[in-house]
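Using my numbering, the first residue of the sequence shown is number 68, and each one after it goes up by one.
Working notes, beginning with the structure itself.
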Amino acid sequence: MTKYLIINADDFGLSQSINQGIIEAYHAGTVSSTTLMCNMPGFQDAVTLAKKTTSLGVGLHFNLTYGKPLANQQKVSSLVNPKGVFSKDRSKWTEAHIITELEAQFKRFIASGLYPTHLDSHHHIHIDSELVYRALKDLSIRLQIPMRLHPLIIEDRQIFRSSDYLILDTYDTNDGVDRLIRYLDHLPDGITELMCHPGYVDDDVRAYSVWTDGRAKELHVFTNQRIVEKLSELDIQLVNFGFIPEPEKPECSEPFEQTLAEVIPQSIPQPIPQPIRKRKTKKKMVNRRKKRGIRVLNKVKVMKLKKKIILKKKKRYTKLNSKKVS
Numbered sequence: 068m069t070k071y072l073i074i075n076a077d078d079f080g081l082s083q084s085i086n087q088g089i090i091e092a093y094h095a096g097t098v099s100s101t102t103l104m105c106n107m108p109g110f111q112d113a114v115t116l117a118k119k120t121t122s123l124g125v126g127l128h129f130n131l132t133y134g135k136p137l138a139n140q141q142k143v144s145s146l147v148n149p150k151g152v153f154s155k156d157r158s159k160w161t162e163a164h165i166i167t168e169l170e171a172q173f174k175r176f177i178a179s180g181l182y183p184t185h186l187d188s189h190h191h192i193h194i195d196s197e198l199v200y201r202a203l204k205d206l207s208i209r210l211q212i213p214m215r216l217h218p219l220i221i222e223d224r225q226i227f228r229s230s231d232y233l234i235l236d237t238y239d240t241n242d243g244v245d246r247l248i249r250y251l252d253h254l255p256d257g258i259t260e261l262m263c264h265p266g267y268v269d270d271d272v273r274a275y276s277v278w279t280d281g282r283a284k285e286l287h288v289f290t291n292q293r294i295v296e297k298l299s300e301l302d303i304q305l306v307n308f309g310f311i312p313e314p315e316k317p318e319c320s321e322p323f324e325q326t327l328a329e330v331i332p333q334s335i336p337q338p339i340p341q342p343i344r345k346r347k348t349k350k351k352m353v354n355r356r357k358k359r360g361i362r363v364l365n366k367v368k369v370m371k372l373k374k375k376i377i378l379k380k381k382k383r384y385t386k387l388n389s390k391k392v393s
């Protein structure tokens, strides 16, 4: 089985210097994918660079920890502090506000003329926060956009598009190149994502991130010729998230052409129909009247018979009395 590798550089759009480093690693033949921060100073520069490097996969790097929200702050008040920047207190986050900001960042991404190859999050908030995970998961399933591997995704692989494996590590130490080569030597079959943060450092980076020198060291690792040679030696195929196939749909004997709108109403309980009272026809009314008339006639006959009997009895009684008197 072939070994496929997605080397994804996070934080595209954080600053122009970060963008420059990521593109440099891409041209070196290592980085094959990146994720874009839509609310950061280097966003527009990143979009321009991405359009010039069409084989570089660009995903959405959902951000709730750096800078200000793109959505109206009143609509995402649980996500920000009094200064209007993202709050460090995640206990106040609400799912509705997370979804609102996710939609705002996604819309800005689309408005740029790009379309995300995948979804992930800054500082792995979709792994740490169940609320963020649910928001990203729903977007991923609804639009069939691949999502960075998550422990819960493994249980629902039939509906998710994701890599088979994920390597989370940093390469900012002296043995960074050797450690990366060890990962490549033991790469499993299938699709693996390897995350990294290469880039140059400028004032914009220092204003937001405490991890600065490490980015420059990782850039040195991911532009090292030894890495490129190792990838070729092991016949590891570099791909991006667009390579991940859509989940297989269950086979059926006949094509299922019903839309969701047609299926849903069938599942809604319908009220029990009330019995319809049939209107009486003229014929039936006449028949009923006839029957009623027969009953009346019968009653009259009975009454007449009773009168006759009574009269007969009276006559007999009078005859008997007249005989006794005589």
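Think of the CB as a built atom: it goes at the ideal place given N, C-alpha and C, for glycine as much as any other residue.
Since the structure is predicted, the reported quantities are computational estimates derived from the model, not experimental observations.
Residues near residue i in its chain [Cβ-Cβ closer than 8 Å; skip 5 each side]
i, result
"THR240", "ARG246 and LYS284"
"ARG209", "none"
"PRO218", "ILE194"
"GLU91", "PRO265, LEU286 and THR290"
Burial state of residue i (16 or more Cβ within 10 Å)
i, result
"GLY151", "exposed"
"ASP395", "Summary: the structure shown does not reach residue 395, with the chain confined to residues 68 through 393, and so no result is reported for it."
"PRO272", "According to the sequence displayed, residue 272 carries Val and not Pro. That one is buried."
"ILE226", "exposed"
"HIS94", "exposed"
"ASN130", "buried"
"ARG282", "buried"
"ILE339", "Residue placement at ILE339 is poorly supported in this model, since its pLDDT is 36, which falls under 50; the coordinates still yield a value, given next. So ILE339 counts as exposed."
"LYS204", "buried"
"ALA178", "exposed"
"HIS190", "exposed"
"ASN86", "buried"
"THR101", "buried"
"LEU116", "buried"
"LEU235", "exposed"
Option in the options with minimal Cα separation from residue i
i, options, result
"VAL268", "THR69, LYS70 and SER82", "SER82"
"LEU254", "VAL277, ASP302 and GLY243", "ASP302"
"TYR133", "ALA113, ARG282 and SER154", "SER154"
"SER84", "GLN111, MET68, LEU251 and THR69", "GLN111"
"GLN140", "VAL125, THR101, ALA171 and THR120", "ALA171"
"PHE289", "THR69, HIS128, PHE79 and GLY96", "GLY96"
"PRO149", "TYR275, ALA202 and LYS135", "LYS135"
"ILE294", "ASP280, TYR250, GLU313 and PRO314", "TYR250"
"SER207", "ALA178, LEU235, ASP236 and PHE173", "PHE173"
"PRO314", "LEU127, THR69, LEU137 and ILE212", "ILE212"
"TYR275", "MET68, ILE89 and PRO108", "PRO108"
"ILE311", "MET214, LYS159 and LEU298", "MET214"
"LEU127", "PHE176, LYS118 and ALA138", "PHE176"
"THR69", "GLN292, ASP270, ASP256 and LYS159", "ASP256"
"ILE248", "ALA138, LYS159 and GLU296", "GLU296"
"VAL244", "LEU298, LYS159, LYS118 and ALA138", "LEU298"
Residue i - containing alpha helix (DSSP H), residue span
i, result
"ASP156", "Here ASP156 belongs to no alpha helix (DSSP H), and DSSP marks it neither H nor E."
"SER299", "292-300"
"VAL70", "Here residue 70 turns out to be Lys, not Val, going by the sequence shown. That residue, LYS70, is in no alpha helix (DSSP H); its beta strand (DSSP E) goes 70-79."
"GLY88", "83-95"
"PHE170", "One point to set straight first is that residue 170 is Glu, not Phe, in the sequence displayed. First-last of the alpha helix (DSSP H) with GLU170: 162-178."
"TYR200", "197-210"
"LEU247", "243-252"
"LEU216", "No alpha helix (DSSP H) holds LEU216; DSSP gives it neither H nor E."
"TYR232", "It is not in any alpha helix (DSSP H) - TYR232 instead sits in the beta strand (DSSP E) that spans 232-234."
"ALA274", "270-275"
"PHE289", "280-289"
Residues of its chain near residue i, where Cβ-Cβ distance is below 6 Å and the 5 sequence neighbours each way are ignored
i, result
"LEU216", "SER229, SER230 and LEU233"
"LEU71", "The amino acid occupying residue 71 in the given sequence is Tyr; Leu does not appear at that position. If we look at TYR71 and ignore the five residues flanking it on each side, its Cβ neighbours are ILE258, GLN304 and VAL306."
"GLY309", "GLY124 and THR184"
"GLY80", "LEU103, MET104, MET107, GLY109, PHE110 and ALA113"
"ALA202", "ILE165, ILE166 and LEU169"
"SER393", "Confidence in SER393 is poor, its pLDDT being 44 and thus under 50, which makes the residue's placement unreliable; the coordinate value appears in the next sentence. If we look at SER393 and ignore the five residues flanking it on each side, it has no Cβ neighbours."
"ILE192", "LEU131 and VAL199"
CB contact below 8 Å: residue i versus chain B
i, result
"PRO265", "This model lacks chain B altogether; it includes just one protein chain."
Start-to-end residues for the beta strand (DSSP E) that takes in residue i
i, result
"SER100", "100-103"
"HIS128", "124-129"
"THR184", "THR184 -> no beta strand (DSSP E), and no H or E assigned at all."
"GLU313", "Here GLU313 belongs to no beta strand (DSSP E), and DSSP marks it neither H nor E."
"TYR133", "Premise fails: TYR133 is in no beta strand (DSSP E) and is neither H nor E."
"LEU116", "Unbroken run through LEU116 is the alpha helix (DSSP H), 110-119; no beta strand (DSSP E)."
"LEU261", "257-263"
Same chain, Cβ closer than 7 Å to residue i, five either side skipped, listed in chain order
i, result
"ASP242", "none"
"ARG157", "SER196"
"THR161", "SER145"
"THR279", "VAL268, VAL272 and ARG273"
"ILE89", "ALA76, PHE79, VAL98, THR101, PRO265 and GLY266"
"SER122", "none"
Residue i: CB within 7 Å of a non-hydrogen atom of the ligand ADP
i, result
"VAL272", "No copy of the ligand ADP occurs in the structure displayed, which carries no ligand at all."
message: Would the stretch 174-183 count as touching the stretch 143-150 if we require 3 or more Cβ pairs under 8 Å?
response: no
message: Tell me whether the stretch 68-77 and the stretch 256-264 touch, counting them as touching only if at least three CB pairs, one residue from each stretch, are closer than 8 Å.
response: yes
- prompt: Contact between the stretch 193-202 and the stretch 154-168: three or more CB pairs below 8 Å?
  reply: yes
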